[in-house]
Amino acid sequence: MKLYSTNNKNNIVDLKEAVFKGLPEDKGLFMPLVIPELSQNFIQNIEKYSFQEIGFEITKALLQGYLSDKEIKNIIQEAINFPAPVIQLDEHKGILELFHGPSLAFKDFGARFMAQLMSHFNHKEEQDLVILVATSGDTGGAVAAGFFDTAGIEVIILYPSGKVSLLQEKQLTTLGKNITAIEIDGSFDDCQALVKKAFLNKTLTKHIRLSSANSINIARLIPQSFYYFEAYKQVKSLGKDVVFSIPSGNFGNLTAGLLAHEMGLPAHHFIAATNINDVVPEYLKKGTYQTRPSVRTISNAMDVGAPSNFARMLDLYHPSKHNECSTWNTMTQHINGYAFSDKQTKAAITEVYNTYNYIIDPHGAVGYLALQEYQRSNEGRNTFGIIFETAHPSKFIDSIQGLIPTPVHIPARLLKLKNKEKVSIRLSKDFDTFHEWLKKRYDIQG
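Numbering (the working numbering), first residue to last: 126 to 571.
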């Protein structure tokens with residue numbers, strides 16, 4: 126498998142280098158040189174395949190012989206060992222539950238796949254691999270769980286102080302061993318900027334084997350494409366055009382869907398659902414992309430004002446790939462964007478419970494609202510919409526509990542963290558401070 130940088134298509138590397146580097150030196154993002162189309166026989170008979178078999182077929186096609194079938198199967202079996210069920214609400218909409226993994230968030234799929242792939246590549250290396258990851262909530266917990274106690278790999282998680290839920294924070298700060306949590310006095314965008322600057326700092330990269338576990342790493346996107354096909358499989362018999370409504374922050378999840386579509390996923394349309402951090406919906410409406418500082422909301426995993434994966438979205442819709450049509454014109458043919466306030470999100474949580482007796486988390490509620498908007502349009506009528514429920518509602522219990530009459534069930538694996546002691550290192554958002562901390566930790570002189 127070969128990959129190129131979105132900033133320079135002549136900057137080509139193999140999968141191992143892309144996974145370990147995370148980010149090209151030219152500040153682009155890695156993309157597959159070839160996006161293969163899956164066979165029509167596979168698509169037409171997808172209901173005959175298990176979730177793991179779907180993951181195997183996609184990975185095998187993308188990797189193009191880079192790993193053996195046995196190696197791919199071993200990675201899939203270890204990483205994708207929990208379900209992703211579609212819960213049908215009514216004849217026009219359903220919820221894809223992506224929270225059945227260890228950390229109760231969709232990011233378990235990417236984190237566990239990446240952990241297995243990196244472990245496979247890393248076992249012959251003498252120097253430890255250091256993974257830097259920024260999180261707005263769920264990424265950190267998934268990465269911590271996926272890489273916990275993995276030999277030869279250390280994980281350093283940066284998260285914005287006071288801007289993740291209590292239980293999310295406990296998932297980051299209570300494991301110990303090879304997991305270190307850094308509490309940054311700033312926003313998620315500040316955390317993400319620190320990670321990117323570290324990767325581009327030659328002093329650090331000369332002495333530390335750095336890699337990333339954010340959705341900037343291509344290894345995260347590959348497994349996130351699996352559940353698009355898995356969801357389609359479950360609703361195929363309804364015989365309706367299928368649309369996907371994706372709560373979006375850094376836009377890795379949506380980008381994985383676009384990748385799946387390029388590979389043959391029969392998706393009628395995609396919906397980019399955001400909270401008031403709406404730089405991508407604004408672009409889809411006006412054709413102008415303008416990043417800005419993120420604003421805190423109750424759907425905190427989407428509090429992103431400069432989504433990294435937008436570069437991949439632009440690359441997928443580059444005029445060279447679509448008969449010279451403009452990027453914006455082509456993208457808007459496939460994606461609608463909608464943004465909602467906390468007030469609207471809270472009302473949606475109540476509405477979903479009262480109408481369907483289903484407890485939805487704030488991120489899924491934003492996806493629900495966006496699907497409603499789309500299905501009111503002429504294009505959206507008579508479609509079946511799949512809303513991504515990206516995290517278990519108990520992770521946002523403080524935001525949900527007063528909106529519905531039923532207590533939110535907290536799974537045992539999350540409840541046991543409640544009384545564990547938080548262990549974190551608090552730093553400013555200044556890169557020099559983070560740089561000095563890394564130098565001291567890894568005994569880098571000069």
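Built from N, CA and C at the ideal position, the CB exists for glycine as well.
Beta-bridge pairing by DSSP links Glu514 to Glu222. Of the other Cβ atoms in all chains shown, 16 or more fall within 10 Å of the Cβ of Ser424; this residue is therefore buried.
Excluding the 5 residues flanking it on each side, Ala143 has same chain C-beta neighbours closer than 7 angstroms at Leu128, Phe155 and Ile343, in chain order. A Cβ-Cβ separation of about 26 angstroms leaves His459 out of contact with Asp486 under the 8 angstroms criterion. Nearest to Ala397 by alpha-carbon distance, out of Leu563, Pro418 and Phe465, is Phe465. A Cβ-Cβ separation of about 5 angstroms places Leu221 in contact with Ala356 under the 8 angstroms criterion. Looking from the CA of Val548, the closest CA among Leu254, Leu283 and Thr298 belongs to Thr298. Between Arg421 and Asn170, the alpha-carbon positions lie close to 44 angstroms from each other. Annotation for Arg506: no beta strand (DSSP E) segment contains it, and DSSP assigns it neither H nor E. Secondary structure note for Gly462: it is in no alpha helix (DSSP H), and the uninterrupted beta strand (DSSP E) holding it is Ile460 to Ala464.
Comparing alpha carbon positions, the residue from Leu291, Lys554, Arg566 and Pro406 closest to Asp523 is Leu291. Inside the region 164-222, DSSP marks whole beta strand (DSSP E) runs of 3 or more residues at positions 211-215 and 218-222, from first to last along the chain. A straight-line Cα-Cα distance of about 8 angstroms links Tyr567 and Ile333. In the DSSP assignment, Ala473 falls within the alpha helix (DSSP H) that extends over Asp467 to Tyr481.
Less than 9 angstroms divides the Cβ of Glu407 from the Cβ of Gly462. Annotation: the region 243-296 contains the following complete segments of the alpha helix (DSSP H) (minimum length 4 residues), in chain order: 263-272. In the DSSP assignment, Arg345 falls outside any beta strand (DSSP E) and within the unbroken alpha helix (DSSP H) covering Ile343 to Gln349. Under the three-state reduction of DSSP output, Arg417 falls in the coil class, being neither helix nor strand. In the three-state DSSP reduction, Leu158 falls in the coil class, being neither helix nor strand. Within the same chain, Met126 come within 6 angstroms of Leu188 by CB-CB distance, once the 5 residues on both sides are set aside. CA-to-CA, the gap between Phe351 and Glu182 works out to about 9 angstroms. If you check the CB distance, Ala323 and Leu335 come in under 9 angstroms. The C-alpha of Gln500 lies about 33 angstroms from the C-alpha of Gln293. Around the C-beta of Cys450, fewer than 16 other C-beta atoms lie within 10 Å, and the residue is accordingly described as exposed. Beta-bridge pairing by DSSP links Leu140 to no other residue. Rounded to the nearest angstrom, the gap between the Cα atoms of Lys198 and Ala381 is 20 angstroms. Of the other Cβ atoms in all chains shown, 16 or more fall within 10 Å of the Cβ of His394; this residue is therefore buried.
Rounded to the nearest whole angstrom, the C-alpha separation of Ser553 and Tyr284 is 11 angstroms. Distances from the CA of Glu196 to each of Lys410, Asn402, Ile160 and Gln241 were compared; the closest alpha carbon is that of Gln241.
Here the C-alpha atom of Leu384 lies approximately 43 angstroms from the C-alpha atom of Gly571.
DSSP, reduced to helix, strand and coil, places Leu542 outside both helices and strands of the structure shown, so it counts as coil. Burial check for Gly492: the Cβ neighbour count within 10 Å reaches 16 or more, so the residue is buried.
Close CB contacts of Ile201 within its chain, under the 7 angstroms cut and outside five residues either way in sequence, are with Gln177, Gly180, Phe181 and Thr184 (chain order). Judged by DSSP secondary structure, Ala397 falls within the beta strand (DSSP E) whose first and last residues are Ala392 to Thr399. Taking 9 angstroms as the cut-off, the Cβ atoms of Val429 and Asp314 count as close.
Following the DSSP letters along the chain, one finds Ile484 in no alpha helix (DSSP H), marked with neither H nor E.
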